[in-house]
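Working notes for the structure below.
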Amino acid sequence: MRYLSTRGNAPAQSFCDILLGGLAPDGGLYLPESYPQITRAELDAWRSLSYAELAFAILSKFVDDIPPADLKAICDKTYTAAVYCNARPGDDAAEITPVHWLEPGRLGLLELSNGPTLAFKDMAMQLLGNLFEYVLEKRGEEINILGATSGDTGSAAEYAMRGKHGVRVFMLSPHGRMSAFQRAQMYSLQDANIYNIAVRGMFDEAQDIVKAVSNDHAFKAQYKIGAVNSINWGRVAAQIVYYFKGYFAATKSNDEQVAFCVPSGNFGNICAGHIARMMGLPVAKLILATNENDVLDEFFRTGVYRPRGTAETHTTSSPSMDISKASNFERFVFDLVGRDGAKVRELWAKVDAGTSFDISATPFFAKLSEFGFVSGRNDHAGRLATIRLAWEKYRTMIDTHTADGLKVALEQAPAGVPTLVLETALPAKFEETIREALNRAPERPAKLEGIEALPQRVEVMDPDVAAVKAFIVAHVGH
Ligand SMILES: *Cc1c(COP(=O)(O)O)cnc(C)c1O
Numbered sequence: 001m002r003y004l005s006t007r008g009n010a011p012a013q014s015f016c017d018i019l020l021g022g023l024a025p026d027g028g029l030y031l032p033e034s035y036p037q038i039t040r041a042e043l044d045a046w047r048s049l050s051y052a053e054l055a056f057a058i059l060s061k062f063v064d065d066i067p068p069a070d071l072k073a074i075c076d077k078t079y080t081a082a083v084y085c086n087a088r089p090g091d092d093a094a095e096i097t098p099v100h101w102l103e104p105g106r107l108g109l110l111e112l113s114n115g116p117t118l119a120f121k122d123m124a125m126q127l128l129g130n131l132f133e134y135v136l137e138k139r140g141e142e143i144n145i146l147g148a149t150s151g152d153t154g155s156a157a158e159y160a161m162r163g164k165h166g167v168r169v170f171m172l173s174p175h176g177r178m179s180a181f182q183r184a185q186m187y188s189l190q191d192a193n194i195y196n197i198a199v200r201g202m203f204d205e206a207q208d209i210v211k212a213v214s215n216d217h218a219f220k221a222q223y224k225i226g227a228v229n230s231i232n233w234g235r236v237a238a239q240i241v242y243y244f245k246g247y248f249a250a251t252k253s254n255d256e257q258v259a260f261c262v263p264s265g266n267f268g269n270i271c272a273g274h275i276a277r278m279m280g281l282p283v284a285k286l287i288l289a290t291n292e293n294d295v296l297d298e299f300f301r302t303g304v305y306r307p308r309g310t311a312e313t314h315t316t317s318s319p320s321m322d323i324s325k326a327s328n329f330e331r332f333v334f335d336l337v338g339r340d341g342a343k344v345r346e347l348w349a350k351v352d353a354g355t356s357f358d359i360s361a362t363p364f365f366a367k368l369s370e371f372g373f374v375s376g377r378n379d380h381a382g383r384l385a386t387i388r389l390a391w392e393k394y395r396t397m398i399d400t401h402t403a404d405g406l407k408v409a410l411e412q413a414p415a416g417v418p419t420l421v422l423e424t425a426l427p428a429k430f431e432e433t434i435r436e437a438l439n440r441a442p443e444r445p446a447k448l449e450g451i452e453a454l455p456q457r458v459e460v461m462d463p464d465v466a467a468v469k470a471f472i473v474a475h476v477g478h
């Protein structure tokens, strides 16, 4: 399998070549040159596979430069019940991503948040940790991952990379601005290859430092600076697996269809659903849910893609969906415009210049529904109401992001097929809003009781690029 850039001007690459990198050299994102098509016989055979077996079957279609026995071992090591152990009492953690039915056979949660950091990002990031270690070892290379986080991504990356050979993580976070639980999750890690840096400032200032360091090409090359952000193809590929797993859990035969509703920010999660559907998974609808940052909902309703400025980007109670533009969206648009790199270049010339594009008057607009997409949005009041509804009607506590999904699913779920809302985090991560909605503390998996009391390891710094560089140099040591 070769990988092409969405902007059509970069040489084709193999899976391992793009695994450790970011954007293609022409500024685009990598996608497989074609989507593997799943036969009915394969789908029938896959129905009974364990999560790890299914992951191997699917990833084998996208990876041809890792020997199958090695890829199989990586999948087996990643997808274990011991790692994904935080399922609700009564749901089967051995399934890795069990379905929790709200209305049996009709409406359910696909539990994706049972990994170590209680968010769906663990599904792909844990695999990435093992793939990175494997590929770096083969190549005799190292990587120093530099990132900025306001919560979910940074902790998922740290828990995936902790103790991995050849990998160090330098993660910047805004000092004093994460919840006590989030701080404890990240800063209590004692692994020698994990460095937490709390920056005295806002998240944006931390992110600007990451950008400044990455734009220093000499420093980046000398200190082997890399990233694990949501455009990483390995993450998207790993996420395809649970759409198949959810489909099998919600149906009895491969003649049936399923709809998925996905709480969305950077379009990484739902992009994997789109690819699963393109591979031939019987998906009735892909329902995209946003919070007040509704740039994607606006696009799917109107055909206008209008990235927002900082002033128009809201801080919400589903913070992992607070985006101004959706970094994976270009992958879908490449398919939408018939894989025409020149067309993508034309559209993203506008995006990159800070303006919008409008496809409403083109034949592409009608194609949005051919690709199965519909969308909706939620806001803080709707989030509280949906958390209450789930608790009162279904005796199920859900987090704020999943609430955005459930709200939109209740409005848009097609009749006659099961709809699965992707549960992207557990309520324990968002205690404040759960208390506001339900007047009680969220349930917390037993393993995480009392983590706030563990010793923490964090370096507090001013938002200063030179100081962060010096810290990296001191700890990389060559
Ligand atoms: C990252 C995240 C999302 C958004 O996922 P995308 O792939 O960026 O669309 C939604 N919910 C939670 C809890 C997340 O951490």
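Residue numbers (the UniProt record's numbering): 1 to 478. Cβ coordinates follow ideal geometry from the N, Cα and C atoms, glycine included.
Serine 188 versus glutamate 256 - alpha carbon distance: 46 Å
Cβ-Cβ separation, alanine 250 to glycine 108 (assumed contact under 8 Å), whole Å: 7 Å
Classification of lysine 245 by the beta-carbon crowding that lies within 10 angstroms, buried from 16 upward: Lysine 245 comes out buried.
Inter-residue CB distance, aspartate 297 and glycine 405 (contact presumed, cutoff 8 Å): The Cβ separation is near 13 Å, so there is no contact.
Bridge-paired residues (DSSP) for asparagine 196: Met171
Rounded Cβ spacing between valine 258 and leucine 420 (contact assumed at less than 8 Å): 6 Å
Glycine 265 beta carbon near ligand 1 (any heavy atom closer than 8 Å): yes
Rounded C-alpha distance that separates tyrosine 305 from proline 104: Their backbone Cα atoms lie some 37 Å apart in a straight line.
Residues bridged to methionine 461 (per DSSP): Val199
beta-carbon methionine 321 near ligand 1 non-hydrogen atom, thresh 8 Å: yes
Reference alanine 157; option with closest CA among Asp122, Pro174, Val283: Asp122
Lysine 350 beta carbon near ligand 1 (any heavy atom closer than 8 Å): The nearest non-hydrogen atom of ligand 1 is 8 Å or more from the C-beta of lysine 350.
With 16 other Cβ atoms within 10 Å as the buried cut-off, status of glutamate 449: exposed
Phenylalanine 299 beta carbon near ligand 1 (any heavy atom closer than 8 Å): Not so, every heavy atom of ligand 1 lies at least 8 Å from the Cβ.
Beta-bridge pairing of glutamine 13 - partner residues as DSSP gives them: Partner(s): Tyr3.
Complete runs of the beta strand (DSSP E) confined to the stretch 404–445 [at least 3 residues]: 419–423
Span of the alpha helix (DSSP H) around phenylalanine 373: In this chain, phenylalanine 373 is not harboured by any alpha helix (DSSP H); it is covered by the beta strand (DSSP E) spanning 373–377.
Glycine 108, enclosing alpha helix (DSSP H) - first and last residue: It is not in any alpha helix (DSSP H) - glycine 108 instead sits in the beta strand (DSSP E) that spans 107–111.
At least three beta-carbon pairs within less than 8 Å, the stretch 180–195 to the stretch 156–170: yes
Assumed close pair serine 179, alanine 198 - CB separation to whole angstroms, cut-off 8 Å: Contact doesn't hold; Cβ gap of about 14 Å is too wide.
N-terminal and C-terminal residue of the beta strand (DSSP E) that asparagine 130 is part of: Segment 121–139 is the alpha helix (DSSP H) holding asparagine 130; no beta strand (DSSP E) there.
Serine 324 to aspartate 335 span [Cα, whole Å]: 22 Å
Extent of the continuous beta strand (DSSP E) run through leucine 286: 283–290
Rounded separation between histidine 401 and proline 442 - CA only: 14 Å
beta-carbon lysine 121 near ligand 1 non-hydrogen atom, thresh 8 Å: yes
Asparagine 232 beta carbon near ligand 1 (any heavy atom closer than 8 Å): no
Alpha carbon of glycine 140 to alpha carbon of phenylalanine 219, nearest angstrom: Between the alpha carbons of glycine 140 and phenylalanine 219 lies a distance of about 20 Å.
Cβ-Cβ distance between threonine 433 and leucine 384 below 9 Å: A Cβ-Cβ contact shorter than 9 Å links threonine 433 with leucine 384.
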